[in-house]
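2 protein chains.
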Amino acid sequence: MTRFTKFAVALAVVVSALPFVAKADDKDVIDYRQHIMKTLDEQVASIGMIVSTQIEGDNLVAHVQAIALTASTALKSFEPKVAGGDSKPEVWAQWDDFSKKMKEFSTRTAALVETAKTGGANAVNEAMVDALTCKGCHDIYRVKK
Amino acid sequence: MTRFTKFAVALAVVVSALPFVAKADDKDVIDYRQHIMKTLDEQVASIGMIVSTQIEGDNLVAHVQAIALTASTALKSFEPKVAGGDSKPEVWAQWDDFSKKMKEFSTRTAALVETAKTGGANAVNEAMVDALTCKGCHDIYRVKK
Numbered sequence: 731m732t733r734f735t736k737f738a739v740a741l742a743v744v745v746s747a748l749p750f751v752a753k754a755d756d757k758d759v760i761d762y763r764q765h766i767m768k769t770l771d772e773q774v775a776s777i778g779m780i781v782s783t784q785i786e787g788d789n790l791v792a793h794v795q796a797i798a799l800t801a802s803t804a805l806k807s808f809e810p811k812v813a814g815g816d817s818k819p820e821v822w823a824q825w826d827d828f829s830k831k832m833k834e835f836s837t838r839t840a841a842l843v844e845t846a847k848t849g850g851a852n853a854v855n856e857a858m859v860d861a862l863t864c865k866g867c868h869d870i871y872r873v874k875k
Numbered sequence: 731m732t733r734f735t736k737f738a739v740a741l742a743v744v745v746s747a748l749p750f751v752a753k754a755d756d757k758d759v760i761d762y763r764q765h766i767m768k769t770l771d772e773q774v775a776s777i778g779m780i781v782s783t784q785i786e787g788d789n790l791v792a793h794v795q796a797i798a799l800t801a802s803t804a805l806k807s808f809e810p811k812v813a814g815g816d817s818k819p820e821v822w823a824q825w826d827d828f829s830k831k832m833k834e835f836s837t838r839t840a841a842l843v844e845t846a847k848t849g850g851a852n853a854v855n856e857a858m859v860d861a862l863t864c865k866g867c868h869d870i871y872r873v874k875k
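Residue numbers (my numbering), protein chains in the order written: chain A, 731 to 875; chain B, 731 to 875.
Below, the structure is given as structure tokens:
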């Protein structure tokens with residue numbers, strides 16, 4: 731073996747002995763952020779049923795808390811620059827604006843938890859248009875359905 | 731008008747003047763509990779991607795918190811005795827067992843939050859089989875897919 735071949739073989743042995751480190755491939759990245767967005771859909775729908783009095787309001791605070799928590803996870807899921815799914819390339823081309831909007835969404839839903847605790851369903855009904863800023867992002871950053 | 735007719739008319743006027751009070755019809759009840767179950771699906775999938783290292787773990791605690799919160803809302807959504815959707819009639823025929831299992835699910839996912847905070851993804855990976863008791867209910871109470 732030449733010195734280079736010896737080096738290449740040694741390197742291959744070392745690399746193969748490294749613990750398996752999985753990397754998010756593109757499909758994983760898209761799946762993950764879609765799990766988060768679908769959670770938001772389901773929880774917003776739950777709140778909608780309560781504020782419209784279709785469903786009793788016992789779970790109102792928990793639903794708003796779940797939305798606030800999920801909103802806090804959303805930005806991270808878009809950090810890998812992987813277009814596709816329902817995301818337009820503008821998400822990454824205008825990252826400063828996108829991330830600002832996502833942080834506002836997280837801040838406002840956290841405030842909505844306090845509104846739910848103190849004011850109940852009527853207060854949430856009034857405040858949710860300003861707190862759930864979904865459309866402000868979807869209009870710009872989501873593929874039209 | 732007879733006295734009875736006068737009474738009936740007066741009653742009708744009073745009733746029609748009552749504020750509209752919406753009641754959950756059967757479809758609403760089923761939709762609502764499905765919003766909760768789908769949230770659990772999406773959040774469990776998110777955790778699965780993290781413990782399998784497909785996705786970085788920054789959001790792990792928030793996902794487990796979202797599951798614990800959503801688990802705490804689930805039992806309430808089954809209280810109206812409305813079969814249908816994916817729920818078997820056994821949910822209500824064996825309510826004591828069903829509600830016991832649901833409360834255990836809520837308690838165990840709340841404990842899993844502490845596990846996530848202190849032990850991270852590896853600890854959640856070990857503990858989640860016992861904490862996410864989904865299958866224990868689905869095998870008995872959910873329509874086979």
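Here a beta-carbon is modelled for each residue, glycine too, at the ideal position from N, C-alpha and C.
- Query: Does the segment 787-795 of chain B come within contact of the segment 832-852 of chain B, defined as at least 3 CB pairs closer than 8 Å?
  - Reply: yes
- Where do the ends of the alpha helix (DSSP H) carrying residue 844 of chain A lie? 825-861 is the extent of the alpha helix (DSSP H) around residue 844 of chain A.
- Query: Do you know how far the Cα of residue 773 of chain B is from the Cα of residue 807 of chain B?
  - Reply: Cα to Cα, residue 807 of chain B sits roughly 18 Å from residue 773 of chain B.
- Task: State the Cα-Cα distance for the pair residue 810 of chain B and residue 765 of chain B, rounded to the nearest angstrom.
- Result: 15 Å
- Message: Out of B:861, B:852 and B:871, which one is the CA nearest neighbour of residue 779 of chain B?
- Response: B:852
- Task: Compile a chain-ordered list of the residues in the segment 761-772 of chain A whose CB is closer than 8 Å to at least one CB of chain E.
- Result: You won't find chain E in this structure, because its protein chains are A and B.
- Query: Going by the beta-carbon positions, is the gap between residue 804 of chain B and residue 838 of chain B smaller than 7 Å?
  - Reply: The answer is no: Cβ separation not under 7 Å.
- Task: Go through its chain and collect everything with a Cβ distance to residue 776 of chain A's Cβ below 8 Å, but skip five positions before and after it.
- Result: 785, 789 and 793
- Going by alpha carbons, who is nearest to residue 872 of chain B out of B:822, B:850, B:856 and B:859? B:822
- Where do the N-terminal and C-terminal ends of the alpha helix (DSSP H) with residue 769 of chain B fall, by residue? 756-781
- Query: Straight-line CA distance for residue 781 of chain B to residue 854 of chain B?
  - Reply: 7 Å
- Item | Cα-Cα separation between residue 875 of chain A and residue 827 of chain B, rounded to whole angstroms | 43 Å
- Message: Counting only beta-carbon separations shorter than 7 Å, does residue 785 of chain A have a partner in chain B?
- Response: yes
- Does DSSP classify residue 866 of chain A as helix, strand or coil? DSSP places residue 866 of chain A in helix when its eight states are reduced to three.
- Within the 7 Å Cβ cut-off, does residue 869 of chain B reach chain A? no
- Item | Cβ-Cβ distance between residue 769 of chain A and residue 769 of chain B below 7 Å | yes
- Name, please, each residue of chain B whose Cβ falls closer than 8 Å to the Cβ of residue 775 of chain A. 761 and 765
- Task: Please list the residues of the segment 781-810 of chain B that have a C-beta atom closer than 8 Å to any C-beta atom in chain A, keeping them in chain order.
- Result: Listed by position, the residues of the segment 781-810 of chain B near chain A (Cβ gap below 8 Å) are 782, 783, 784, 785, 786, 788, 789, 792, 793, 795, 796, 799, 800, 802, 803, 806 and 807.
- Message: At the 7 Å Cβ level, is residue 758 of chain A part of the contact set with chain B, yes or no?
- Response: yes
- Just reading off the alpha helix (DSSP H) that residue 801 of chain A is part of, what are its end residues? 790-808
- Query: Is the beta carbon of residue 831 of chain B sitting closer than 7 Å to the one on residue 867 of chain B?
  - Reply: yes
- Query: At a CB-CB cut-off below 8 Å, which residues of chain A make contact with residue 832 of chain B?
  - Reply: Within chain A, no residue comes near residue 832 of chain B; the closest Cβ sits about 13 Å away, beyond 8 Å.
- Residue(s) in a DSSP beta bridge with residue 814 of chain A: A:817
- C-beta neighbour in chain B for residue 779 of chain A, strict 7 Å: yes
- Task: Determine the contact status of residue 829 of chain A and residue 802 of chain A, defining contact as a CB-CB distance below 7 Å.
- Result: In this structure, residue 802 of chain A does not lie closer than 7 Å to residue 829 of chain A by Cβ.
- Query: In chain order, what residues of the same chain lie with their CB nearer than 8 Å to the CB of residue 791 of chain B, ignoring the 5 residues before and after it?
  - Reply: 843, 846 and 847
- Message: Using 7 Å as the threshold, is the C-beta distance between residue 814 of chain B and residue 870 of chain B below it?
- Response: no
- Query: When the Cα of residue 756 of chain A is compared with those of A:800, A:817 and A:824, which residue comes out closest?
  - Reply: A:817
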